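S.K.: Basically the numbering used here = 1-based index in the first sequence + 10.
We treat Cβ as the ideally placed atom computed from N, Cα and C, and that holds for glycine.
What you are looking at is a predicted structure, and each value in this text was computed from that prediction instead of being measured.
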Amino acid sequence: MPVGTAGTVKAMFPEDVRATGADIVLGNTYHLMLRPGAERVAALGGLHHFMNWPRPILTDSGGFQVMSLASLRKLTEEGVSFASHIDGARHMLTPERSIEIQRLLGADIQMQLDECPAMPIDHDKAAASMRLSLRWAERSKRAFGEKSKPGQALFGIVQGANYEDLRRESLDALMKTGFDGLSIGGLAVGEGRQEMFRVLDFTTPHMEKGKPRYLMGVGKPADIVGAVARGIDMFDCVAPTRSGRHGQAWTPGGAITITNARFADDEAPLDPASDCPASRDYSKAYLHHLFKAGEYLGPMLLTWHNLHYYQQLMQGLREAIAAGRLGAFIAAFRARTGEEIL
RNA sequence: GGAGGGGUGGGAGAGUGGCUAAAUCCAGCAGACUGUAAAUCUGCCCGCUUCGGCGUACGGUGGUUCGAAUCCACCCCCCUCCA
């Protein structure tokens, strides 16, 4: 899922996002409640209409901002109080208000409000945080159940840092409450790839078989391949868009930095075999020049290329699973990129 | 011909006796980015280096001083105004 935090996948036209193969994009409760405001978006016809994306949207609850904007917030049992990073005004986000905002936006998949703690975190603190997220999950479900529309879904979020007993406690409680899908949160927050995989190894085997499993905020291609091998279905990550704007491109052989001097005279495109115009029709020398000159088209083309790369990767994984040859796909990925993912 | 201003590291531009290998910005080189406070941030950026330092350096030459990019003399070059 490409990330479109503020009602736009940055540097991309919606039709081009769709052309990369994306079926669903993200929006963010926290950002959209501050600007332009959830009630305004609702009055303007909902987020799909507002941003001209007539396809599924998943909205994050604001839980990630509980961590990333830690210096601007105050956490209580009731919810989170934020000082807006835009104008400093105080706003309260409770599980109920988060769900209300996501309903006003019209999100197809809505997320419970949770606390996403940074790692490392000791066991007692991780337990207290996880149990707060569980209480918020109950409240989110109640709020969602009162007013949700047919076809809309609510996901719970498994927390518990890197402690097996806490992850199991969180997972069991959420499955008992009952959600349309479950996410694994609180990973890729500094613990490292091997540690993240270790957590998945003792979590995903206990998840319900018939419901989608969403690993929040992950990741780089190798993270995704490794997580799919461990039973994850859905991902979102800013990597393809943010890194694209910053000059990094993923290619079949791994990531490159287009601003590096060695590309100044490189006539080859990023991927001549691709069916994506951004990957196929522009030389690395031209892309290099666009970034060096500070031209907007550079970030636009690299974002487009990266999103297409990610969608191709996911399509390849889906086809490999359907054909029963995921192991071969992973072996080929490892050989091509040199990444350790198992 | 007369009067005045100025020459600093790739560029712009601070600095007017020691805290200065010399602010800051740009350019250049490299790195980071994982539920987006990010078209952002970080490091390097005279040479050598065992990263502790060492050597050269602020137009040129000479001088004053314990010590000079900073003060003095002469020379070279550039700019502005007047004629």
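#1: Can you find the residues in the same chain that come closer than 7 Å, C-beta to C-beta, to Gly17, ignoring five residues on each side of it along the sequence?
#2: Using the rule of at least 16 other Cβ atoms within 10 Å of the residue's Cβ for burial, across every protein chain shown, is Asn270 buried or exposed?
#3: Hey, how far is the Cα of Val51 from the Cα of Pro64?
#4: Would you report the Cα separation of Gly304 and Cys247, rounded to the nearest angstrom?
#5: When the Cα of Gly263 is compared with those of Phe92, Ser253, Asp281, Ala153, which residue comes out closest?
#6: Does the Cβ of Arg83 have 16 or more other Cβ atoms within 10 Å, making it buried, or fewer, making it exposed?
#7: So Thr30 and Ser71 are in contact, right, with Cβ under 8 Å, and what is the actual spacing, rounded?
#8: Check for me: the beta strand (DSSP E) holding Tyr224 runs from which residue to which?
#9: To the nearest angstrom, how far is it from the Cα of Met11 to the Cα of Phe343?
#10: If you reduce the DSSP assignment to three classes, tell me which class Asn62 lands in.
#11: Specify whether the segment 235 to 250 and the segment 310 to 330 touch according to this definition: at least 3 beta carbon pairs, one from each stretch, less than 8 Å apart.
#12: Using DSSP with H/G/I as helix, E/B as strand and the rest coil, what is Pro12?
#13: Under the rule that 16 or more other beta-carbon atoms within 10 Å means buried, what is Ile67, buried or exposed?
#14: Less than 7 Å between the beta carbons of Gly73 and Leu115, yes or no?
#15: When the Cα atoms are used, what is the spatial distance from Ala198 to His216?
#16: Assuming Ser143 contacts Ile167 (C-beta within less than 8 Å), just tell me the rounded distance between them.
#17: Take Asp285 and list the residues in its own chain whose beta-carbon comes closer than 7 Å to its own, dropping the five residues that flank it on each side.
#18: Check whether the Cβ atoms of Arg223 and Leu192 lie closer than 7 Å to each other.
#19: Determine the closest residue to Lys186 out of Glu218, Leu225, Lys157, Ile331, with distance taken between C-alpha atoms.
M.R.: Once the coordinates are examined:
#1: Gly37, Leu42, Leu57, Phe60, Met61
#2: exposed
#3: 15 Å
#4: 25 Å
#5: Asp281
#6: buried
#7: Rounded, the Cβ-Cβ distance is 26 Å, inconsistent with contact.
#8: 223 to 225
#9: 21 Å
#10: coil
#11: yes
#12: strand
#13: buried
#14: no
#15: 20 Å
#16: 6 Å
#17: none
#18: yes
#19: Glu218
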